[in-house]
Every structure is written in C-alpha cells, then in structure tokens.
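For reference, the structure discussed in these notes is given below.
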Amino acid sequence: MDIVKANININFMGQRKLAIAISVLLIVLSIGSLVVRGINFGLDFTGGTLIEVSYSQPPELGEVREALTSEGFDDFTVQTFGSARDIVIRIPVDESGQSGADLSTRVLETLSDETPDIDLRRVEFVGPQVGQELAEQGGLAILYVLFGILIYVSFRFQWRFAVGAVAALIHDVLIVLGFISMFGMSFDLTVVAAILAVIGYSLNDTIVVYDRLRENFRVKRKGTPVELTNLSVNQMLGRTLMTSLTTMAVLIALFYFGGEIIHAFAYTLIIGVLVGTYSSIYVAGNAAIMLGVSKQDLMVVEKEGADQPDTEMLPERFRNQP
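Heads up, the sequence shown is in the numbering used here, so the first residue is 848 and it goes up one at a time.
So, in structure tokens, the structure goes:
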C-alpha cells in the first residue's frame, strides 16, 4: 500500500532534545508549584455549604461580598450562576460546627437586609468525609485510566509504544495540574472530568500518530526510526492542527462567555489541549525512539508455509497431487 507523501516537511524530531528540555522544565515547575502552593481544592473536596439565591434585579457582586464580610464570613466565594440575577455562594466547613441550614439562614438574613426581594433556591452541604472520599476516588479514576491505557496500547501496538503513550499522558496531567496550582484555580469535580477528557484527547492524537508510524515502519524500506517518526508526525500534522484549533475555538468561547461555574473546567481543557497537542508531536514518539523501537518490533510475522495451500481444505483427490 502506498503512503501519500506529506506536503509538509518540518524537522520535528531534529528539535527533540530541546523539546525534552522544555518538558523537563515544565514538569519541574509544575511539581514545585504543587509542593509550594498546593492545589486550591473546591467545595467538592474540602466540604462546605453551597447556597443559591435569586434576585429580582442583577445584584452587584462586590456589595454582596461586603455584606457577607461584615457579617463575619471570612473564606467564601460569590459568583453568578446561569443568569445575572442568580448567584451561588460557597462557604467552607464552619469550624464552629454550624450546620448548613443555620449558615443558609444567616446568609439569607444578611442579604435580605440589603435587598429584601430575594429567594432562596437551594442549599447543598458536603461533609469533609465525603469530600475526602471524592478526592480519593478522583485520583483513583485517573490512575485506573492510565493503567488501562498501558494495557490497551501494549496489545494494540507494542510495549514501547505503550510506555511512550503513558509517559505522554503523565507529562500532560502533571503540567495541567501545575498550571492549575500556579494560577490558583479552584479544583473541583468538573476539573477532574476535564483532566480525564484531556487524557482521552491526548491519547487519541497519540494513537493516530502511532498508527501511521507503524504503517511507515512496515512499508518504507529505508529510514531510521527518527526519520520515520518525523515523517509520520508531518503526515498527521494537518489533522492534528485542525482538531486542536477547532477545539480551542470552542473552549475559548466557553472560558470567556460560559460564566464562572465552568471557568475552571474550560481553563483546564485549554491548557490540556495545548499540552496534549505538543506531547503527541514530541513526547510520545520521542519516548518510543528512546526506548529503542525498530522495524523488527512492528513487522508482521509470517508463518512458515503461509504461501502454501491448506491441503486439509482441498478435496481428497487433489491432496496428493504435486
């Protein structure tokens, strides 16, 4: 089968050492930020009370914050939810042991003093124990996904490719977590969902490149692993860029116009798509090269006598004929 020659011929693998240096630097910065700054866990993991109220007219969020601060609330977040007239107030677990119902009553009384015409829509309380369980389950979900990918790619391609794919995914997750930590984004269940989506997105790109690389290894008679990897990346570059650009356009629109409720979700996916596209080009193929992948690893093994007819399937009068 002939492979269509790529019109683009960029020497990506020629810059693989520089790419390794950039990846190492980003990972070190990410780990450093995670150690020093930590992650700003949201209400889903820390526990607390969520209160949704509705105004007859869009309120000034600054005035709402000032009213709550004057009432003695120290650590809370206020943001619009759905429309400009609806706001959500998140309050962490009260060390005094105050229940969610008592907190919602205090909040509603405080806000009613400023604006009488408000309605309490809902109150949700997440206990610290539930938050800890959600954090553990979210981390386990990511680990299970990585382990499943390692097994799948090992069967689908070859173990060197499997290690390369998982290395690229760990690279992506660490850098995404590092950027979340650096900019203090709230880490909640929507961010966990975004990280899992980033893993799927990055893996899809990596599998496409690996599939083309395997085909080139089997078809091309000449070419080193570095040259064939470079060829494969160039052949898939148009598809990769088109997918990334269209996805980014949607995510940027969500980030700016989707409201605060999905702000962290869109931010995580934007960073993930950028890093995932980069890792599909440089990290995944480069890792396979460093592990020593060769043509012999991907050539189809032909059984001895495969070109001879199967005599058991022939009529008896033809079996002994030369």
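Beta carbons are placed, not taken as given, at the ideal position from N, Cα and C, and that holds for glycine.
Discussion item. Checking 7 Å against the spacing of the C-beta atoms, do residue 901 and residue 932 come in under that value?
Written reply: Cβ distance < 7 Å, so residue 901 and residue 932 count as in contact.
Worksheet item: Once you ignore the five residues that flank residue 1032 on each side, which residues in its own chain have a CB closer than 7 Å to its CB?
Response: 887, 1111, 1114
Worksheet item: By Cβ distance, which residues of its chain are closer than 8 Å to residue 1136, with the 5 residues on each side in sequence left out?
Response: Exclusion of the five residues before and after residue 1136 leaves 860, 863, 1072, 1073, 1076 as the residues of its chain whose Cβ lies within less than 8 Å of its Cβ.
Worksheet item: Helix, strand or coil: which one does DSSP assign to residue 928?
Response: strand
Discussion item. Going by C-alpha to C-alpha distance, which of 961, 955, 1000, 960 sits closest to residue 967?
Written reply: 955
Worksheet item: By how many angstroms is the C-alpha of residue 897 removed from the C-alpha of residue 981?
Response: 17 Å
Fill in: Residue range of the unbroken alpha helix (DSSP H) whose run includes residue 967
No alpha helix (DSSP H) holds residue 967; the beta strand (DSSP E) holding it covers 965-973.
Discussion item. Checking 7 Å against the spacing of the C-beta atoms, do residue 925 and residue 908 come in under that value?
Written reply: yes
Worksheet item: Does DSSP put residue 902 in a helix, a strand or coil?
Response: Under the three-state reduction of DSSP, residue 902 is assigned to strand.
Worksheet item: Since residue 1063 is in the alpha helix (DSSP H), which residue starts that stretch and which ends it?
Response: 1036-1066
Discussion item. Three or more C-beta pairs under 8 Å: does that hold for the region 1010-1023 against the region 1089-1101?
Written reply: no
Worksheet item: Does the region 986-996 come close enough to the region 1033-1047 that 3 or more CB-CB pairs lie under 8 Å?
Response: yes
Discussion item. Just verifying my parser: in three-state terms, what is the DSSP assignment at residue 1133?
Written reply: helix
Worksheet item: Taking the alpha-carbon positions, what's the residue 1016 to residue 1122 distance?
Response: Distance between the alpha carbons of residue 1016 and residue 1122: 10 Å.
Worksheet entry | Unbroken alpha helix (DSSP H) run spanning residue 1074, endpoints | Start and end: 1072-1082.
Practice prompt. Out of 1081, 1116, 962, state which residue places its alpha-carbon closest to the alpha-carbon of residue 915.
Written response: 962
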